[in-house]
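**Q**
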Amino acid sequence: MKELIIRSLTGLIFISIIIGSILYGRFSVAFLFLLASILGLLEFFKLMEKGGFKPKKSIVTIIGSLIYLIIFSFSIDVTNFKFLFIIFPLLVLIVALEIFRKNDSPVSNIAFSIMGILYVVIPFALLNFFAYGNNDNGIISIVSPNHPAFLLLGFFTIQWTSDSGAYLAGTTIGKTKLLERVSPKKTWEGLIGGLIFAIMVGYFISYFIEANPIHWISISIIIVVFGTLGDLTESQIKRSVGVKDSGNLLPGHGGILDRFDGVLFSAPFVLAYLHFIDLFKLFL
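Going by the working numbering, the sequence shown opens with residue 1011, and the numbers climb by one from there.
1. Taking the C-alpha atoms as reference points, what is the distance between N1138 and R1191?
2. Please go through the same chain and pick out, in chain order, the residues whose beta-carbon is closer than 8 Å to the beta-carbon of L1042, but skip the five residues on each side of it.
3. Which residues in the same chain as I1233 place their Cβ atom closer than 8 Å to its Cβ, once the five residues preceding and following it in sequence are excluded?
4. Looking at L1107: is its Cβ nearer than 8 Å to the Cβ of K1066?
5. For the segment 1193-1203 and the segment 1172-1181, state whether three or more C-beta atom pairs, one from each stretch, are separated by less than 8 Å.
6. For the candidate residues V1153, F1270, V1117 and F1218, whose alpha-carbon lies nearest to that of I1224?
7. Cα-Cα, which of V1253, R1036, G1212 and K1254 is closest to D1087?
8. Roughly how many angstroms separate the alpha carbons of Q1246 and S1193, rounded to a whole number?
9. Please report the distance separating the alpha-carbon of S1256 from that of L1057.
10. Quick one: which unbroken alpha helix (DSSP H) runs of 4-plus residues sit fully inside the segment 1044-1092? Chain order, please.
11. Can you tell me the Cα-Cα spacing of F1055 and I1077, whole angstroms?
12. Quick check: the Cα distance between I1023 and S1083, rounded to an integer number of angstroms?
13. In terms of residue numbering, what span does the beta strand (DSSP E) encompassing I1194 cover?
14. Can L1274 and L1049 be called in contact, C-beta distance under 8 Å?
15. Helix, strand or coil, according to DSSP, for K1248 in the structure here?
16. Between G1021 and the rest of its own chain, which residues show a CB-CB distance below 7 Å, the 5 nearest in sequence each way excluded?
17. Name the two residues that bound the continuous beta strand (DSSP E) containing Y1103.
18. Indicate whether I1120 and I1104 have their beta-carbon atoms separated by less than 8 Å.
19. Give the secondary structure of G1264 by DSSP, where H, G and I count as helix, E and B as strand, and everything else as coil.
20. Using the Cα positions of S1174 and G1212, report the straight-line distance between them to the nearest angstrom.
21. Please classify I1150: is it buried, with 16 or more other beta-carbons within 10 angstroms of its beta-carbon, or exposed?
22. Pick from S1075, S1115 and N1222: whose alpha carbon is nearest that of L1100?
23. Short of 7 Å in beta carbon distance, which residues of its chain neighbour L1188, apart from the five on each side in sequence? Order them along the chain.
24. Terminal residues of the continuous beta strand (DSSP E) containing L990?
25. Quick one: measure Cβ to Cβ for S1115 and F1063, integer angstroms, because I've assumed they're closer than 8 Å.
26. Taking the beta carbon of V1130 as the centre, do at least 16 other beta carbons fall within 10 Å, making it buried, or is it exposed?
Below is the structure:
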């Protein structure tokens, strides 16, 4: 009972912080996910260390933070698109710095250092494009014409609803294992239940903000499919290094990666979908 109370209280605070940051403004969103990027990156490196690898945590965390800030500054039109090319020299710098370290597995260290940025930092940074938008694209107006904050708020609402629906369906009627060798508790029934709940919420959001339901239903499907892949990927990483949770920052919920595993995979694909629709409009 005590564990359930702690888990529920942590979840309530966690959700309140995210919703509050979204409603407060784009800079609170930027700060929240910068912090999540740093903490998530450190968690990822800790997992890699348990696997016997030694990524350069301090330097890569600084570089990851710079990459996050570059992407964020572009998302609010502070910098030109050309500034994004600074990211590539920063990634090359990670490779070059490994030369000066005495280590038996330099290639693996480089690979996991760069993977940490691609897996954790860049998806978090991309969430800034969901928050109020910028002047160079119309992705916000596609799905939330009158309420700029509702794209990011709706994205997380669907993500949480999908997780809850999958849990309820999986624990009550779940029998057919989804991918037992990676995540023994996940079932196809849970996945379908999460999908049904997500689509229902996506449709309700579109009705509430007077947006095209097709786009919100599509976003719901993308979130469930790729969110599940993200969950399975993180489970595989944890299983490979022999741990249950990625961290213990969130009592009853594990670490940052445990709470955002689905977001890290689904966010880039939702953003790609929105830009594809925006581009397709040019040919209509």
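For each residue, glycine too, the CB sits at the ideal point set by N, CA and C. Nothing here was measured: the structure is a model prediction, and the numbers come from that model.
**A** So, from the listed chains and residues:
1. Here residue 1138 corresponds to residue number 128 of the sequence shown, with the count starting at 1. Here residue 1191 corresponds to residue number 181 of the sequence shown, with the count starting at 1. Roughly 35 Å separates the two Cα atoms.
2. Reading the sequence shown from its first residue, position 32 is the one you call residue 1042. Only I1027, I1028 and S1031 meet the Cβ criterion.
3. What you label residue 1233 is simply residue 223 of the sequence shown in a count that begins at 1. Excluding residues within five positions, the ones whose Cβ falls inside 8 Å are F1165, I1168, Q1169, S1172, A1208, G1272, S1276 and V1280.
4. Position 97 of the sequence shown holds residue 1107. Position 56 of the sequence shown holds residue 1066. Taking 8 Å as the Cβ cut-off, L1107 and K1066 qualify as a contacting pair.
5. yes
6. Translated into the one-based positions of the sequence shown, residue 1224 becomes position 214. For the residues V1153, F1270, V1117 and F1218, the minimum Cα distance to I1224 belongs to V1153.
7. Taking the first residue of the sequence shown as 1, we reach residue 1087 at position 77. D1087 has its Cα closest to that of R1036, out of V1253, R1036, G1212 and K1254.
8. To locate residue 1246, count along the sequence shown from 1; it is residue 236. To locate residue 1193, count along the sequence shown from 1; it is residue 183. Computed Cα separation, rounded: 8 Å.
9. As a working note, residue 1256 is residue 246 in the sequence shown. As a working note, residue 1057 is residue 47 in the sequence shown. Each residue's alpha carbon lies about 7 Å from the other.
10. 1067-1085
11. As a first step, residue 1055 must be located in the sequence shown, where it is residue number 45. As a first step, residue 1077 must be located in the sequence shown, where it is residue number 67. Computed Cα separation, rounded: 17 Å.
12. Stepping through the sequence shown from its first residue, residue 1023 is reached at position 13. Stepping through the sequence shown from its first residue, residue 1083 is reached at position 73. Cα to Cα, I1023 sits roughly 28 Å from S1083.
13. Taking the sequence shown and counting its residues from 1, the one referred to as residue 1194 is at position 184. Correcting the residue identity first, residue 1194 is Pro in this sequence and not Ile. Segment S1193 to T1197, the beta strand (DSSP E) holding P1194.
14. Here the question's residue 1274 lines up with position 264 in the sequence shown. Here the question's residue 1049 lines up with position 39 in the sequence shown. It is not a contact, given that the beta carbons lie outside the stated cut-off.
15. Stepping through the sequence shown from its first residue, residue 1248 is reached at position 238. Of the three classes helix, strand and coil, the one that applies to K1248 here is helix, per DSSP.
16. Mapped onto the sequence shown, residue 1021 falls at position 11. Contacts found: H1263.
17. As a first step, residue 1103 must be located in the sequence shown, where it is residue number 93. The sequence as given places Leu at residue 1103; Tyr does not occur at that position. It is not in any beta strand (DSSP E) - L1103 instead sits in the alpha helix (DSSP H) that spans I1097 to L1107.
18. Counting from one through the sequence shown, the residue named residue 1120 turns up at place 110. Counting from one through the sequence shown, the residue named residue 1104 turns up at place 94. Contact flag set, yes.
19. For this step, residue 1264 is matched to residue 254 along the sequence shown. Residue state, collapsed to three classes: strand.
20. Translated into the one-based positions of the sequence shown, residue 1174 becomes position 164. Translated into the one-based positions of the sequence shown, residue 1212 becomes position 202. Cα-Cα distance, rounded: 14 Å.
21. Position 140 of the sequence shown holds residue 1150. Classification of I1150: buried, given that the 10 Å Cβ count is 16 or more.
22. Position 90 of the sequence shown holds residue 1100. Of S1075, S1115 and N1222, the residue nearest in Cα terms is S1075.
23. On the sequence shown, position 178 is the one that residue 1188 refers to. K1196, T1197, W1198 and L1201.
24. This structure cannot speak to residue 990, because the chain is shown only from 1011 to 1294.
25. The residue labelled residue 1115 in the question sits at position 105 within the sequence shown. The residue labelled residue 1063 in the question sits at position 53 within the sequence shown. That belief holds up - the Cβ atoms of S1115 and F1063 are roughly 6 Å apart, short of 8 Å.
26. Locating residue 1130 in the sequence shown gives position 120, counting from the first residue. Counting Cβ neighbours within 10 Å, V1130 comes out buried, since at least 16 surround it.
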